[in-house]
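Numbering-wise (the working numbering), the sequence shown opens with residue 26 and increments by one.
Heads up, the beta-carbon is just placed ideally off N, CA and C, and yes, glycines get one too.
Since the structure is predicted, the reported quantities are computational estimates derived from the model, not experimental observations.
Here is the structure we will look at, set down as structure tokens.
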Amino acid sequence: MTSTALPTTDDLRARARAALGNIGVDVAEGGGFPARTPLTGEHLFGLTAATEADTEDAVAASCAAFVIWRTTPAPRRGELVRRLGELLREHKGDLADLVTIEAGKIRSEALGEIQEMIDICHFAVGLSRQLYGRTIASERPGHRLAETWHPLGVVAVISAFNFPAAVWSWNTAVALVCGDTVIWKPSELTPLISLACDHLLARAAEEVGAPRDVHRLLLGDRAVGERLVDDRRIALVSATGSTRMGREVGPRVAARFGRSLLELGGNNAAIVTPSADLDLAVQGIVFAAAGTAGQRCTTLRRLIVHRDIADTLIERLTAAYERLPIGNPFDDTTLVGPLISTTALDTMHGALARVRAQGGKILAGGNRRLAEAAPAAAYTEPVLVHVGEQTDVVREETFAPILYVLAYDTLDEAIALHNDVPQGLSSSIFTRDQREAEVFLSAAGSDCGIANVNIGTSGAEIGGAFGGEKDTGGGRESGSDAWKSYMRSATNTINYSTGLPLAQGVSFL
Ligand code: NAD
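Next comes the structure, spelled out in structure tokens:
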């Protein structure tokens, strides 16, 4: 199915300008750094990228602001994030418009992305009164050990196009309450939403009396990111994007003994066992595999289904894929918007050609859509592919809506297939058998940072820590105790006795 006609680039430009205007951003046009829309694949505005001097200025200003911010009481730092959350709520519709225009998300998912930002602000405000350290029993009489958490310093946030605003907020809301200052280098594909977020944070800072430079935005491509990566004044580089990017960033930050928090690619799988509730499984699988046009790090890319139910499940999935409405993401009936670019579509077609050559068989979907209406855009049917084995292309992350289906006979075999990929982000099992569910969640089960039962791989809530193992980079962001990545701990030994006993019974003097 194709939903209603696409808007024109002029319509989208006007809508973006209106949303930015409502938020208070005046787009300074005329530069050579483009803002584009995947809805038509065309150019919206010419912005200006940060120069080397701008980067230097941002780092210096951020270091200066840190000196003030680190001693501002944490609950007062929380006030800034509380106000930011209010402004995000007030401008939810405008911000969602920008996410749709720049990243191509359907309306409901774009609104969901902004809701996630509001949620993390609430979480971080609570956290601002809960940055707990422990008191530890000392082996020495009249002594006490304590663990104290201090702000870390300047945090660089480098983000990807597919969660152009939420990933920034996960990092920034938490880093700010932890007493850090933030420099944001957003994806070069989504500059408009970052201008909007930066503006709202600046407004919140002004209103609550926080230093303006607790947050700085640097638009630009990877060269801007690389300068931040190599700058010794930046304590933490939190980088979200491809495994290729993480492979470059991780060692460079480590070489200067900086800290990095890497949130990289996934190759997420779901196991469907014979006892699964198939109604629920079909719903969960289609959302996880085709939602966001397959462009979530947690997108379901591999389906490992028990041989006895494979034909039934495939039949139901094929029927569901054939009904998916594809097209204008502003249309409420659309479920699949565009890919980010025609380059992404070419990569998808390349992967499909390889998997066919390796024996894969296309079961449903895969055709390009709306090529005549929008030749520079990349609309495609999500595709379901049957594969006999987990070949090299199946083991890679192709950032597009391709779902590979594999059959299994025993749960051990399914878990082995599941874990036999380089990435380790998200995973799930559909089963009504508690033993199978518990095995999947156990130390001998899924090796991912996220392991779910009877829901798909995508759509995490902010309360839990988010991230994955192996080539996914090992970082944890958002909820639980992910805040500890944004702080440094100090162990304090306090002697309130009149003697000086040494630890481990050592005697000296
Ligand atoms: P990308 O790697 O092309 O770019 C991500 C960001 O890194 C951009 O801001 C880019 O300018 C910057 N960058 C690239 N190379 C760099 C370098 N050498 N030094 C410094 N900065 C550099 O990724 P993308 O195409 O925007 O996003 C899609 C990828 O991101 C997918 O692989 C997806 O799985 C991953 N992703 C992961 C998570 C997660 O939480 N694990 C979340 C969202 C996206």
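Placement of the Cβ of CYS473 at a distance of 7 Å or more from every heavy atom of the ligand NAD is found.
Inclusion of ASP238 and ALA86 in the CB contact set at 8 Å is warranted, their separation being smaller than that value. When the beta-carbon positions are compared, PRO354 and LEU64 come within less than 8 Å of each other.
For TYR511, there is no enclosing alpha helix (DSSP H), since its DSSP letter is neither H nor E.
Using a Cβ distance threshold of 8 Å, LEU364 and LEU370 count as a contacting pair. Here ALA90 is near THR206, since their CB atoms are less than 8 Å apart.
Excluding five sequence positions before and after PRO447, the CB atoms of its chain that fall closer than 7 Å to its own CB belong to ARG420, LYS495, ASP496, given in chain order. Taking 3 residues as the shortest admissible run, the stretch 230 to 255 contains the following complete beta strand (DSSP E) segments, listed from N- to C-terminal end: 240 to 242. The alpha-carbon of GLU273 is positioned some 49 Å away from that of PHE533. With at least 16 other beta carbons inside 10 angstroms of its own, TYR404 counts as buried.
In the structure shown, PHE70 falls within a strand segment according to DSSP collapsed to helix, strand and coil. Annotation for GLU141: the continuous alpha helix (DSSP H) segment containing it runs 132 to 152. Set against 7 Å, the gap from the CB of LEU395 to the closest heavy atom of the ligand NAD is not smaller. By the Cβ criterion, the stretch 165 to 174 is not in contact with the stretch 119 to 128, since fewer than three pairs of Cβ atoms, one from each stretch, lie closer than 8 Å.
The Cβ-Cβ distance between LEU225 and ILE48 falls below 8 Å. Secondary structure within the stretch 316 to 386: the beta strand (DSSP E) runs of 3 or more consecutive residues, fully enclosed, are 325 to 331 (chain order). Within its own chain, the residues whose Cβ lies closer than 6 Å to the Cβ of HIS116, once the five positions on either side in sequence are excluded, are ILE48, listed in chain order.
When the five nearest sequence neighbours on each side are left out, the beta carbons in the same chain lying within less than 7 Å of the beta carbon of GLY291 are those of CYS322, THR323, GLU422, GLN448, LEU450, SER451, GLY493, THR497, in order along the chain. Of the other Cβ atoms in all chains shown, fewer than 16 fall within 10 Å of the Cβ of ARG257; this residue is therefore exposed.
Closest in alpha carbon position to ALA398, among ILE440, LYS386, GLY352, ASP417, is GLY352.
Setting aside the 5 residues that flank it on each side, LEU525 has no residue in the same chain whose C-beta is closer than 8 Å to its C-beta. Segment contact: the stretch 187 to 194 against the stretch 153 to 162, fewer than three CB-CB distances shorter than 8 Å; contact not assigned. The DSSP-derived three-state label of LEU287 is strand. In summary, THR523 is exposed, with fewer than 16 beta-carbon neighbours lying within 10 Å of its beta-carbon over all protein chains present. Annotation for ALA83: ILE208, ARG241, LEU243 place their beta carbon closer than 7 Å to its own, counting only its chain and skipping 5 residues before and after. Checking the DSSP bridge columns, you'll see GLN448 partnered with LYS495. When Cβ pairs closer than 8 Å are counted between the two stretches, the stretch 296 to 310 is seen to touch the stretch 324 to 342, the count reaching three or more. DSSP places GLU461 in the helix class (H, G or I) of the three-state scheme. Within the DSSP bridge table, the entry for ALA432 names VAL330 as partners.
In this structure, the alpha-carbon of ALA235 lies about 49 Å from that of VAL408. Here THR33 has THR65 as same chain residues with Cβ atoms under 8 Å from its own Cβ, once five neighbours each way along the sequence are excluded.
Residue ARG501 holds the alpha-carbon nearest to the alpha-carbon of ALA264 among TRP508, MET512, ARG501, ASP506.
The Cβ atoms of PRO211 and TRP193 sit closer than 8 Å to each other. Relative to the non-hydrogen atoms of the ligand NAD, the Cβ of LYS210 comes within a distance shorter than 7 Å of at least one.
With a 10 Å radius around the Cβ and a threshold of 16 neighbouring Cβ atoms, ILE93 comes out exposed.
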